[in-house]
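These protein sequence lines are chains V and A, in that order. Numbering-wise, the first sequence is residues 1 to 246 according to the numbering used here. Numbering-wise, the second sequence is residues 247 to 492 according to the numbering used here. Here the structure comes first, spelled out in structure tokens, and everything after it is commentary.
2 protein chains.
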Amino acid sequence: MAETTSPLKIDACFSPYLYPVYADSESIVVIIDVLRATSAICTAFHYGAAKMIPVATVEEARALQATGMLAGAERDAIKVEGFDFGNSPYDYMGDHVKDQTIAITTTNGTQALEAAKNAYKVVVGAFTNISALCNWLVAEKRPVLLLCSGWKNRFNLEDSMFAGAVTQELINRNPSYKMGDACLALQYLYQQAQTDPYKFLSRASHKERMARLGLKKDIRFCLQHDQTTVIPVLVNGALVKLDMKK
Amino acid sequence: MAETTSPLKIDACFSPYLYPVYADSESIVVIIDVLRATSAICTAFHYGAAKMIPVATVEEARALQATGMLAGAERDAIKVEGFDFGNSPYDYMGDHVKDQTIAITTTNGTQALEAAKNAYKVVVGAFTNISALCNWLVAEKRPVLLLCSGWKNRFNLEDSMFAGAVTQELINRNPSYKMGDACLALQYLYQQAQTDPYKFLSRASHKERMARLGLKKDIRFCLQHDQTTVIPVLVNGALVKLDMKK
């Protein structure tokens, strides 16, 4: 499809439930679930995973696992029993993911992927791939919709903070983007967050939940920029590594 | 109904479309459409309106007008032809509204009222009644859900800014409220906005739209705190003035 001629717009949607209101046929949709699904997905591709199949339910993930596929499943921040992975990035570090196809279901991130699957293009974003992602988005010259997975369809602070970071990075690279109201708000939010994102999230509901579960190390990892240059992209219902040479 | 015993929660919902995700049986819902529906509704009651009947469609408003009732209708920031009022607060200032029942339909605010109509209690908030509203909310000792009308179900900057102001005012009066992630974000947003809310909104999509239509005077009015102490409340599908003595 040709590049769009309309002004380049950046907007943000705070819940997969709200996605139908924002859906259009032009925008690249960035799926955001920084604590931890999209960070884990980027990590898996960085370690050489061939393909990840996001599914909405634990049952679907189990059915794929039964065919011999590796499978990850998380609900309420905990790895579901019987699966190879949860959604900790640390689960996906190492040779065991190399060249593998992995089914994955999570509380929020895979729901956002499902909601947006018919968009013009769907990619996965996290602090761990933010610079590569923003460089690519700017080069694409297309409107961008930042789809925050939130928590069970509610707004959450970590995904919106990351959407603010992407907004800021895109504006830095191309000041002619036109921001929707959500991105205007997120830009202010990120200005507050950026000096110490970990501290900024101190009262966020999901960070509290993860800290109770002993997952502070995961949070620290997920807030580190540029651990990888891979950009996962959804093609025919499966995530693969975006081929940057195309 | 007795006061709730669960911790007092404040949360915010950025779109009527998203309301089902936030709905519960405990919370007082504050309907927010500061530019301009909820500001206009507060103004009408301040000038002695007896009752306002929010309806979702222009046709319903026209049908009520045909019965002899006064009626207001706005779409895309413009008064609909043939109606007594649009949604400018200035339309509702004066003796012509005293003791009247007024049907009203607007692009966003009346949609939020419709979405939340089955909540525990539904009240109308605007900068024009913010102190009275917050004093009453704190005295009620109930969880609060701030329902931003947004713009055609999308997030908007002015309603979220106001929701941030209410969050701040409630926390100032009772620091034990537990904020949802949306309110945490809004508190930061309002800290940025409060020194000059008019300037803060300078790039907001709806303010641009209103400025093009010559409505800067309306915006200035809607951003002024405490023009009234009335709190409109939804009772059996109609807004009436809350009886503070009860």
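Here a beta-carbon is modelled for each residue, glycine too, at the ideal position from N, C-alpha and C.
{"Query": "What runs of the beta strand (DSSP E), each 3 residues or longer, lie entirely inside the segment 129-168 of chain V?", "Result": "144-148"}
{"Query": "Grab the span of the beta strand (DSSP E) containing Arg282 (chain A) for me, first residue to last.", "Result": "It is not in any beta strand (DSSP E) - Arg282 (chain A) carries neither H nor E in the DSSP assignment."}
{"Query": "Thinking just about the alpha-carbon of each residue, which of V:Ala126, V:Gln65, V:Pro20 is nearest to the one in Ser39 (chain V)?", "Result": "V:Ala126"}
{"Query": "Can you tell which of A:Ile287, A:Gly314, A:Met407 has its C-alpha closest to the C-alpha of Pro443 (chain A)?", "Result": "A:Met407"}
{"Query": "Say whether the segment 257-273 of chain A touches the segment 12-20 of chain V, bearing in mind that this needs 3 or more beta-carbon pairs closer than 8 angstroms, one atom from each stretch.", "Result": "yes"}
{"Query": "Starting from Gly355 (chain A), trace the alpha helix (DSSP H) both ways and give me its first and last residue.", "Result": "355-361"}
{"Query": "Within the continuous alpha helix (DSSP H) that includes Lys207 (chain V), where are the two ends?", "Result": "205-212"}
{"Query": "In or out: Asp330 (chain A) buried (at least 16 other Cβ within 10 Å) or exposed?", "Result": "buried"}
{"Query": "Give me the Cβ distance between Leu170 (chain V) and Tyr177 (chain V), rounded to the nearest whole Å; I'm assuming they're in contact under 8 angstroms.", "Result": "6 angstroms"}
{"Query": "To the nearest whole angstrom, what separates the beta carbons of Thr289 (chain A) and Tyr366 (chain A), a pair I think is in contact under 8 angstroms?", "Result": "With 8 angstroms as the limit, Thr289 (chain A) and Tyr366 (chain A) do not qualify as a contact, their Cβ atoms being about 26 angstroms apart."}
{"Query": "Under 7 angstroms between beta-carbons, which chain A residues line up against Gln192 (chain V)? List them in chain order, please.", "Result": "Tyr434"}
{"Query": "Let me know if Ala457 (chain A) comes out buried or exposed under the rule of 16 or more other beta-carbons within 10 Å of its beta-carbon.", "Result": "exposed"}
{"Query": "Closer than 9 angstroms, CB to CB, is Arg458 (chain A) near chain V or not?", "Result": "no"}
{"Query": "Where Glu352 (chain A) and Ala283 (chain A) are concerned, what is the direct C-alpha to C-alpha distance, given to the nearest angstrom?", "Result": "A small correction: the amino acid at residue 352 (chain A) is Thr; Glu does not occupy that position in the sequence shown. Going by the C-alpha atoms only, they are around 7 angstroms apart."}
{"Query": "Using C-beta distances below 6 angstroms, list every residue in its chain close to His292 (chain A), excluding the 5 sequence neighbours before and after it, in chain order.", "Result": "Thr474, Val476"}
{"Query": "Applying the 10 Å Cβ sphere with the 16-neighbour rule, what's the burial state of Met298 (chain A)?", "Result": "buried"}
{"Query": "Using three-state DSSP, classify Thr43 (chain V) as helix, strand or coil.", "Result": "helix"}
{"Query": "Is the segment 302-319 of chain A touching the segment 346-363 of chain A in the sense that three or more CB pairs, one from each, lie closer than 8 angstroms?", "Result": "yes"}
{"Query": "Please list the partners that Phe401 (chain A) has in chain V, where partner means a Cβ-to-Cβ separation under 9 angstroms.", "Result": "Asp11, Ala12, Cys13, Phe14, Leu18, Gly180, Asp181, Ala182, Ala185"}
{"Query": "Can you check which of these residues, A:Asp405, A:Gln437, A:Lys387, is closest to Pro421 (chain A) by C-alpha distance?", "Result": "A:Lys387"}
{"Query": "What does Ser160 (chain V) touch in chain A if you count any residue whose Cβ is under 9 angstroms from its own?", "Result": "Asp427, Ala428, Ala431"}
{"Query": "So which of A:Ala295, A:Met490, A:Thr374 has the shortest CA-CA distance to Asp279 (chain A)?", "Result": "A:Thr374"}
{"Query": "Along the chain, where does the alpha helix (DSSP H) containing Asp218 (chain V) start, and where does it finish?", "Result": "216-222"}
{"Query": "Label Glu158 (chain V) either buried or exposed according to how many other C-beta atoms from any shown protein chain fall within 10 Å of its C-beta, with 16 as the threshold for buried.", "Result": "buried"}
{"Query": "Output, in chain order, the set of chain V residues within a Cβ distance shorter than 7 angstroms of Ala450 (chain A).", "Result": "Asp181, Leu184"}
{"Query": "CA-CA distance, Leu393 (chain A) and Val301 (chain A)?", "Result": "17 angstroms"}
{"Query": "Could you name the residues of chain V that Val267 (chain A) contacts, counting a contact when the two beta carbons are closer than 8 angstroms?", "Result": "Ser15, Tyr17, Lys152, Asn153, Arg154"}
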